[in-house]
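Protein chains: 2
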Amino acid sequence: MEFPSKLIEDAVNEVAKLPGIGRKTALRLVLHLVKEKEDKTTALTEALQRLRTNIRFCATCHTISDESECTICRNPRRDHSIVCVVEESKDVMAIENTSQYTGIYHVLGGIISPIQGIGPAELTVDSLMTRISSGSKEIREVILALSPTMEGDTTAFYLHRRLKDFPIKITSIARGIPTGGDLEYADEITLGRSITARVLFS
Amino acid sequence: MEFPSKLIEDAVNEVAKLPGIGRKTALRLVLHLVKEKEDKTTALTEALQRLRTNIRFCATCHTISDESECTICRNPRRDHSIVCVVEESKDVMAIENTSQYTGIYHVLGGIISPIQGIGPAELTVDSLMTRISSGSKEIREVILALSPTMEGDTTAFYLHRRLKDFPIKITSIARGIPTGGDLEYADEITLGRSITARVLFS
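Chains A and W, in that order, give the protein sequences. Numbering that gives the first Met the number 0 applies: residue 0 is where the first sequence begins, and numbers increase by one. Numbering that gives the first Met the number 0 applies: residue 0 is where the second sequence begins, and numbers increase by one.
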């Protein structure tokens, strides 16, 4: 697509670098901004720039945070004896939105993936070990809440090996048929596991 | 959805104001920027801000332009005797991409819509009349390239009434079955018109 304006072209090129946004969508968004008042664009660019410049990561759990320690780690009403290990900050948000968890978190910052060259050293595994071995705050349980993929399982096995000699309970999120899911359309591994890992009806 | 960070929340709120972008997509885009290096975000925000601050509209045809006159109006090799009237700058880009048109344009900046309170005074109709009545550049033909909707037809009829006393040819883009379209799925008005407005086979 050709553009009559270099300014439009530059803006489209930048917007189209965002994930899931093609050049047609980028053009639509850019033309929308041109049509709106200038302060709308300024509000957008300032919010993005402010975010990127000022964002920090919690020194304890490594989740995205405005301060040096996140609101979850700072909250004395949370259960600091349970640590839920997740891949990314967005997983923390997803679990927080369920309102089912009152413990604290540990964000690995990725997942072990030999293909992408990501090993334990690229993740916050050492920080997790330090949190558990330093007895300042007694941790009783570690929940491994990783994606049920090859990489997620690899990471979970690795963490289990590192953690198994500590006097803590190591658990994993339940796998099975999702609520609202149809047995007919569930894949064989999920359905098979949901039968072998059946639970008492309550 | 709750966010652990005010910075994230502000950025998501701004991004979600863009058309077709919901809060989930906004969060995905924002977290992508946080993961990337800061200069990526700076490149994006600067391109958008530079666009919005510096963008101008061609003094002649009102299309989006980097200069006071657009590259199309300035081009002496274009046919300045044919003016194609369109609703928005994006229509100019769409027609330019066909490489089938060598004339110049006139961007109305909208379409007559009594429901939205947009009348001829809100559009660049007077500027079009000035272009045609000032004999400095002889205009021989005006092509009405408006959307085949109620508003588009209303605007076309209005412009035809204003233009019909000038010694110019007034044409309209062809309507019919789109290339690759299936007769079976064409709506009745389109199919009916494509029969009454049939053309010699060539």
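Note that beta-carbon positions come from the ideal geometry of N, C-alpha and C, so glycine has one too.
Determine the contact status of residue i and residue j, defining contact as a CB-CB distance below 8 Å.
i      : j      : result
W:H105 : W:V84  : yes
A:I63  : W:S67  : no
A:D43  : W:L47  : Strictly speaking, residue 43 of chain A in this sequence is Leu, with Asp absent from that position. Yes, Cβ-Cβ distance for A:L43 and W:L47 is below 8 Å.
A:L107 : A:T123 : yes
W:R139 : W:I81  : yes
W:L17  : A:L50  : no
A:R77  : A:T101 : yes
W:G151 : W:L158 : no
W:I117 : W:L162 : no
W:I176 : W:T189 : yes
A:R73  : A:D65  : no
Out of the options, which one is the CA nearest neighbour of residue i?
i      : options                           : result
W:K168 : W:G179, W:D152, W:R174 and W:L143 : W:L143
A:I103 : A:I20, A:C57, A:S112 and A:V124   : A:C57
A:A15  : W:K39, W:D9 and W:E8              : W:K39
W:G109 : W:I94, W:L199 and W:E121          : W:E121
A:P119 : A:T148, A:R160 and A:Y184         : A:R160
W:I218 : A:I194, A:F2, A:A196 and A:T195   : Beyond the ends of chain W as shown, which are 0 and 201, falls residue 218 of chain W; an answer cannot be given.
A:I111 : A:E86, A:L30 and A:S98            : A:E86
W:T148 : W:R55, W:S98, W:G19 and W:R174    : W:R174
W:I114 : W:L30, W:A196 and W:T153          : W:T153
W:T178 : W:P166, W:S193 and W:L127         : W:S193
W:H79  : W:T97, W:E137 and W:Q99           : W:E137
A:M92  : W:K23, W:D186, W:E45 and W:G19    : W:K23
W:P166 : W:Q99, W:S133 and W:G19           : W:S133
Using a 10 Å radius around the Cβ and a threshold of 16 neighbouring Cβ atoms, would you call residue i buried or exposed?
i      : result
W:D164 : exposed
W:V11  : buried
W:S88  : buried
W:A25  : buried
W:A155 : buried
A:T59  : buried
W:M200 : The displayed chain sequence assigns Phe, not Met, to residue 200 of chain W. Under this definition W:F200 is an exposed residue.
W:V141 : buried
W:V33  : buried
A:E13  : buried
A:V198 : exposed
A:D90  : buried
W:L127 : buried
A:L30  : buried
Kindly list, in the order they appear in chain A, the residues whose Cβ is closer than 8 Å to that of residue i.
i      : result
W:H105 : In chain order: nothing, as chain A lies at least about 14 Å away.
W:S64  : P3 and S4
W:I54  : S4, L6, I7 and V33
W:E37  : R51 and T52
Run down chain W in chain order and give the residues with a C-beta less than 8 Å from the C-beta of residue i.
i      : result
A:H31  : L17 and P18
A:E121 : By Cβ distance, chain W contributes nothing, its closest Cβ being about 13 Å from A:E121, past 8 Å.
Strictly below 7 Å CB to CB, what residues from chain W border residue i?
i      : result
A:S166 : Before going further, note that residue 166 of chain A is Pro rather than Ser in the sequence given. Residues of chain W passing the Cβ test: none, with the nearest at roughly 30 Å.
A:I71  : P3
A:L158 : Here the premise fails: no neighbours, minimum Cβ distance about 22 Å.
A:T40  : L47, Q48 and R51
In chain A, which residues lie less than 9 Å from residue i when you measure between Cβ atoms?
i      : result
W:C60  : Here the premise fails: no neighbours, minimum Cβ distance about 10 Å.
W:R49  : L6, D9 and A10
W:M149 : By Cβ distance, chain A contributes nothing, its closest Cβ being about 22 Å from W:M149, past 9 Å.
W:M128 : Near W:M128 there are no residues of chain A at all, since even the closest Cβ is about 24 Å away, more than 9 Å.
Could you name the residues of chain W that residue i contacts, counting a contact when the two beta carbons are closer than 9 Å?
i     : result
A:K89 : L26, R27 and L30
A:N74 : Within 9 Å Cβ-Cβ: nothing; A:N74 doesn't reach chain W, min ~11 Å.
A:S14 : Note on residue identity: the sequence assigns Val, not Ser, to residue 14 of chain A. Simply L43, A46 and L47.
What residues of chain A sit near residue i, judged by a beta carbon separation below 7 Å?
i      : result
W:I111 : Within 7 Å Cβ-Cβ: nothing; W:I111 doesn't reach chain A, min ~18 Å.
So is residue i in contact with chain C if we call contact Cβ pairs under 8 Å?
i      : result
W:E187 : The question asks about chain C, but that chain is absent: this structure's protein chains are A and W.
Item checked: Whole runs of the alpha helix (DSSP H) within the stretch 121-185 of chain A, excluding any shorter than 4 residues -> Fully enclosed alpha helix (DSSP H) runs of 4 or longer: 124-132 and 149-162.
Notebook entry, point to check: In chain order, which continuous runs of the alpha helix (DSSP H) of length 4 or greater are located wholly inside the stretch 30-61 of chain W?
Noted result: Runs of the alpha helix (DSSP H) lying entirely within the stretch 30-61 of chain W, each at least 4 residues long, are 37-53 in chain order.
Notebook entry, point to check: Along the chain, which unbroken stretches of the alpha helix (DSSP H) at least 4 residues long are found entirely within the stretch 78-127 of chain A?
Noted result: Here the runs fully enclosed are 88-97.
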